[in-house]
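S.K.: A single structure is presented below for examination.
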Amino acid sequence: MVTTRWLGIAVGVLFAASTAAQDARTVLRAAADALGVRNVQSIEYTGNGYVAAVGQNFTPDQDWPRFEVINYSRTIDYQNRSSREEYVRRQGAFPARGGGGTPLQGEQPQRFLTAGNFSWNLNSSTPAPLPAEAEIRELDIWLSPHGFLKAALEAADVSAAESTFEGQKVTVISFTAQGKYRVNGEITGDNLVARTQTWIANPVLGDTLFDHRYSNYRDFGGVRFPTLLHSHQGDPQVSGGRNWKEIHVQNVRVNLNPERLTVPDSVRTATIPAVVVESSKLAPGVWRIAGGTHHSVAVEFRDFVAVVEAPLNEARSLAVIAETRRLIPGKPIRYIVNTHHHFDHSGGLRTYVALGATLVTHQANRDFYRNVLLHPARRTLEPDLLSNVVPRFADDREPPIETVNARYVISDGSRTLDLYPVKGLAHAGTALIAYLPKEKILINADLYSPPAPGAQPPAANASFRSLQQTIQSLGLDVERHVGIHGEVASHADFLKIAGGT
Ligand SMILES: [Zn+2]
Ligand SMILES: [Zn+2]
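The numbers in my numbering rise by one with no breaks, and the one at position 162 of the sequence shown is 269.
Listed below in structure tokens is the structure:
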């Protein structure tokens with residue numbers, strides 16, 4: 108009897124699952140009819156709005172900094188898995204606080220392209236291949252209203268669940284896109300796609316919510332399309348960053364027979380660039396470990412090493428750590444110093460902490476780093492050392508963070524590395540500079556990036572002037588500037604730029 112009852116339950120569960128798939132297809136077909144999906148091979152929409160720089164907020168509890176977007180247009184060709192997105196961005200009336208190009212000077216044309224397995228930007232006359240972006244750019248096609256319905260109708264693992272979204276009853280349709288990404292879409296009672304949602308990998312946030320909300324649908328010659336597109340990257344319950352893009356759609360046209368995007372040869376042959384590590388000695392026991400865009404500095408103490416900056420991601424950190432161990436064998440990396448929280452400067456921090464280093468950062472980063480960046484949760488999309496191998500911090504799960512709100516000294520009694528907060532910045536409210544008083548070396552990120560020898564020196568901007576004021580008010584005796592971006596320059600070169608202010 109017991110066996111029979113269990114069998115009954117098992118059959119019941121199977122029946123519920125197949126009903127859900129059946130329900131899902133019924134809901135999808137009704138939505139596809141409502142939106143005119145069958146008649147859409149490609150779609151072009153135009154409008155205006157804003158776009159924000161993910162990971163570049165002023166402080167970790169604030170939203171991403173925004174830029175005004177004009178002359179927006181996007182063409183999606185579903186058959187060929189291609190998308191061409193173009194717009195002009197400018198600072199507009201948005202507050203000029205944060206990074207990612209803030210404050211934007213003048214107007215910047217932007218072109219983002221993807222076709223099949225190839226992605227590139229065309230912001231100048233030369234295409235910039237972005238092989239690592241292709242997967243997400245394709246995913247974004249399947250998150251558009253028509254793309255979602257097309258992909259869900261073809262998905263083998265589609266399922267349905269009832270829920271509510273913004274106060275109305277919806278059916279949540281789920282499937283796996285590209286063999287990897289869980290995609291959900293909310294279909295309203297009147298058969299419209301109200302939201303599509305997935306998670307994408309991010310070195311700082313881990314599996315990160317990525318969603319598009321679609322409202323104010325209108326009919327454009329038999330095809331329905333939303334006229335308000337509002338997109339998120341991030342989750343306000345995790346950090347302050349969330350609102351990513353908003354487009355107010357003015358016009359929609361379908362099946363214009365857009366020229367198939369021709370993938371430039373340089374894009375077709377491009378591969379994901381290797382991690383570059385080029386070290387040079389700045390002084391005895393002080394090494395600059397340069398990369399393609401972001402550098403680090405390793406400082407040797409009597410029985411440990413401190414590294415300034417863990418940029419980008421785990422691959423970068425592992426390369427810098429290997430080079431540090433080669434240059435300074437037999438000493439543990441005890442401290443990893445972080446100049447500010449912007450994601451391109453903090454994406455590699457987890458690796459150092461997983462390997463036993465203490466993170467030294469501005470006090471304003473503490474809660475975000477403790478609760479988010481160093482959270483020991485599983486990361487399913489891009490597991491790393493901290494999520495996969497060392498998901499604990501000693502025995503008490505308290506991550507090793509030292510905070511700085513005034514002068515902070517790392518010393519072995521002989522060599523000294525001083526850290527100072529930089530006040531009054533518009534770039535970030537979490538910035539530190541690192542100063543080696545004996546070597547008279549000052550390390551900064553994003554305030555002064557020394558140009559290559561012979562290149563045009565940068566103009567003095569507000570961040571530069573804040574750095575200059577900090578040096579003066581602290582009375583630092585600086586001989587050389589080492590940029591986390593850029594090169595190494597003399598203080599005389601620095602003062603030449605300052606002289607112009
Ligand atoms: Zn920055
Ligand atoms: Zn930077």
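Ideal placement from N, C-alpha and C gives every residue a C-beta, glycine not left out.
All of these numbers come straight from a predicted model, not from anything done at the bench.
Under the three-state reduction of DSSP, which class applies to Phe272: helix, strand or coil?
M.R.: In the sequence shown, the residue the question calls residue 272 occupies position 165. Reduced to three states, the DSSP call for Phe272 is strand.
S.K.: Are Gln275 and Asn291 close, meaning C-beta to C-beta below 8 angstroms?
M.R.: Within the sequence shown, residue 275 is the residue found at index 168, counting from 1. Within the sequence shown, residue 291 is the residue found at index 184, counting from 1. Going by C-beta atoms, Gln275 is not nearer than 8 angstroms to Asn291.
S.K.: Is it buried or exposed for Ser570, if we count other Cβ within 10 angstroms and need 16 for buried?
M.R.: Within the sequence shown, residue 570 is the residue found at index 463, counting from 1. It is buried - the Cβ of Ser570 has at least 16 other Cβ atoms within 10 Å.
S.K.: How about Ile183 and Ser251: do their beta carbons lie closer than 8 angstroms?
M.R.: On the sequence shown, position 76 is the one that residue 183 refers to. On the sequence shown, position 144 is the one that residue 251 refers to. In this structure, Ser251 lies closer than 8 angstroms to Ile183 by Cβ.
S.K.: Is His447 near ligand 1, in the sense that its beta carbon is under 7 angstroms from a heavy atom of that ligand?
M.R.: As a working mapping, residue 447 is identified with position 340 in the sequence shown. Correct: His447 has its Cβ closer than 7 angstroms to ligand 1.
S.K.: Helix, strand or coil for Thr458? Go by DSSP, reduced to three states.
M.R.: Counting from one through the sequence shown, the residue named residue 458 turns up at place 351. Three-state DSSP puts Thr458 in a helix.
S.K.: Using only the heavy atoms of ligand 2, determine whether one of them is closer than 7 angstroms to the beta carbon of His642.
M.R.: Since the displayed the chain opens at 108 and closes at 608, residue 642 lies outside it and no answer follows.
S.K.: Report the option in Lys603, Arg331, Ala267 and Lys352 whose CA atom is closest to the CA atom of Val359.
M.R.: Locating residue 359 in the sequence shown gives position 252, where the first residue counts as 1. It is Arg331 whose Cα lies nearest to the Cα of Val359.
S.K.: On the three-pair Cβ rule with 8 angstroms, is the region 483 to 491 touching the region 434 to 448?
M.R.: No, the region 483 to 491 is not in contact with the region 434 to 448.
S.K.: What do you reckon, is the C-beta of Ala552 under 7 angstroms from a heavy atom of ligand 2?
M.R.: In the sequence shown, counting from the first residue as 1, residue 552 sits at position 445. Checking every heavy atom of ligand 2 against the Cβ of Ala552, one is found closer than 7 angstroms.
S.K.: Enumerate, from N- to C-terminal direction, the unbroken beta strand (DSSP E) stretches of 3 or more residues contained entirely within the region 371 to 456.
M.R.: Taking only runs of at least 3 residues, the beta strand (DSSP E) segments lying wholly in the region 371 to 456 are 385 to 390, 393 to 397, 403 to 407, 412 to 415 and 440 to 444.
S.K.: Where does His337 sit, in a helix, a strand or coil, going by DSSP?
M.R.: The residue labelled residue 337 in the question sits at position 230 within the sequence shown. Looking at His337 - three-state DSSP - the assignment turns out to be strand.
S.K.: I'd like to confirm something about His592: is its beta-carbon nearer than 7 angstroms to some heavy atom of ligand 2, or not?
M.R.: Taking the first residue of the sequence shown as position 1, residue 592 is located at position 485. Yes - ligand 2 has a heavy atom lying nearer than 7 angstroms to the Cβ of His592.
S.K.: With DSSP collapsed to three states, give me the class of Gln285.
M.R.: By 1-based counting over the sequence shown, the position of residue 285 is 178. Gln285 falls in the coil class under three-state DSSP.
S.K.: Classify Gly328 as helix, strand or coil using the three-state DSSP reduction.
M.R.: On the sequence shown, residue 328 is found 221 positions in, with the first residue counted as 1. In the structure shown, Gly328 sits in coil (DSSP, three-state: anything other than H, G, I, E or B).
S.K.: Which residues in the same chain have their Cβ closer than 8 angstroms to the Cβ of Ala117, if we skip the five residues on either side of it in sequence?
M.R.: Here residue 117 corresponds to residue number 10 of the sequence shown, with the count starting at 1. Confidence is the limiting factor: at Ala117 the pLDDT is only 48, short of 50, which leaves the residue's position unreliable and the question unanswerable from this model.
S.K.: Please report the straight-line C-alpha distance between Trp113 and Gln129, rounded to a whole angstrom.
M.R.: Working through the sequence shown from its first residue, we reach residue 113 at position 6. Working through the sequence shown from its first residue, we reach residue 129 at position 22. Interpretation of Trp113 is limited by its pLDDT of 44, a score under 50 that renders its predicted location unreliable; the figure taken from the coordinates is listed afterwards. Distance between the alpha carbons of Trp113 and Gln129 is about 25 angstroms.
S.K.: Strictly by DSSP, which residues pair up with Gly463?
M.R.: Looking up residue 463 in the sequence shown gives position 356. None; Gly463 has no bridge partner.
S.K.: Assign Asp553 to buried or exposed, taking buried as 16 or more other Cβ atoms, counted over all protein chains shown, within 10 Å of its Cβ.
M.R.: The residue given as residue 553 occupies position 446 in the sequence shown. The residue in question, Asp553, is buried, as its Cβ has 16 or more Cβ neighbours within 10 Å.
S.K.: Looking only at its chain, what residues have a beta carbon closer than 8 angstroms to the beta carbon of Gly329, apart from the 5 residues adjacent to it on each side?
M.R.: Within the sequence shown, the letter at position 222 stands for residue 329. Here the set comprises Gly143 and Asn146.
S.K.: CB-CB under 6 angstroms to Phe317, same chain, minus the five flanking residues each way: which ones, in chain order?
M.R.: Counting from one through the sequence shown, the residue named residue 317 turns up at place 210. Taken in chain order, the residues that qualify are Thr305, Ile307 and Gln340.
S.K.: Can you tell which of Ile578, Ile150, Val161 and Glu175 has the C-alpha that lies nearest to the C-alpha of Ile248?
M.R.: Indexing the sequence shown from 1 puts residue 248 at position 141. Nearest option by C-alpha distance: Ile150.
S.K.: Using 10 angstroms around the beta-carbon of Asp474, count the other beta-carbons present and answer buried if the total reaches 16, otherwise exposed.
M.R.: Taking the sequence shown and counting its residues from 1, the one referred to as residue 474 is at position 367. Answer is exposed; the Cβ neighbour count stays below 16.
S.K.: Identify which residue in Ile548, Leu480 and Gln563 has its Cα closest to the Cα of Ser597.
M.R.: As a working mapping, residue 597 is identified with position 490 in the sequence shown. Ser597 has its Cα closest to that of Ile548, out of Ile548, Leu480 and Gln563.
S.K.: Could you pull the start and end residues of the alpha helix (DSSP H) that Asn478 belongs to?
M.R.: Indexing the sequence shown from 1 puts residue 478 at position 371. Segment: none, Asn478 is in no alpha helix (DSSP H) and carries neither H nor E.
S.K.: Are Arg244 and Asn230 touching if we call contact CB-CB under 8 angstroms?
M.R.: On the sequence shown, position 137 is the one that residue 244 refers to. On the sequence shown, position 123 is the one that residue 230 refers to. No, the Cβ-Cβ distance between Arg244 and Asn230 is not below 8 angstroms.
S.K.: Taking Thr369 as part of the beta strand (DSSP E), name the residues at either end of that continuous run.
M.R.: As a position in the sequence shown, residue 369 is number 262, starting the count at 1. Segment: none, Thr369 is in no beta strand (DSSP E) and carries neither H nor E.
S.K.: In three-state terms, what does DSSP make of Gln212?
M.R.: Residue 212 sits at position 105 when you count from the first residue of the sequence shown. It is coil, neither helix nor strand.
S.K.: Please confirm whether Val511 and His449 have their CB atoms less than 8 angstroms apart.
M.R.: As a working note, residue 511 is residue 404 in the sequence shown. As a working note, residue 449 is residue 342 in the sequence shown. No.
S.K.: Any heavy atom of ligand 1 closer than 7 angstroms to the Cβ of Ala284?
M.R.: Within the sequence shown, numbered from 1, the residue matching residue 284 stands at position 177. For ligand 1, not one heavy atom lies less than 7 angstroms from the Cβ of Ala284.
S.K.: With contact counted as at least three CB pairs below 8 angstroms, one residue from each stretch, are the region 407 to 415 and the region 367 to 374 in contact?
M.R.: The answer is no - the region 367 to 374 does not touch the region 407 to 415, with fewer than three Cβ pairs under 8 angstroms.
S.K.: Determine the direct distance from the alpha carbon of Arg395 to that of Lys388, and round the result to whole angstroms.
M.R.: As a first step, residue 388 is located in the sequence shown; it is residue number 281 there, counting from the start. As a first step, residue 395 is located in the sequence shown; it is residue number 288 there, counting from the start. So the two alpha carbons sit approximately 6 angstroms from each other.
S.K.: Rounded to whole angstroms, what is the Cα-Cα separation between Pro236 and Ala222?
M.R.: Along the sequence shown, one-based indexing puts residue 236 at 129. Along the sequence shown, one-based indexing puts residue 222 at 115. Taking the straight line joining both Cα atoms gives about 12 angstroms.
S.K.: Starting from Asn609 and walking both ways along the alpha helix (DSSP H), at which residues does that stretch end?
M.R.: Absent from the model: residue 609. The displayed extent of the chain is 108 to 608, so no value can be given.
S.K.: Exposed or buried, what is Asn309 when buried is set at 16 or more other beta-carbons lying within 10 Å of its beta-carbon?
M.R.: Along the sequence shown, one-based indexing puts residue 309 at 202. So Asn309 ends up on the buried side.
S.K.: Would you list the residues sitting across from Asp314 in a DSSP beta bridge?
M.R.: Stepping through the sequence shown from its first residue, residue 314 is reached at position 207. Looking at the DSSP assignment, Asp314 forms a beta bridge with Ala308.
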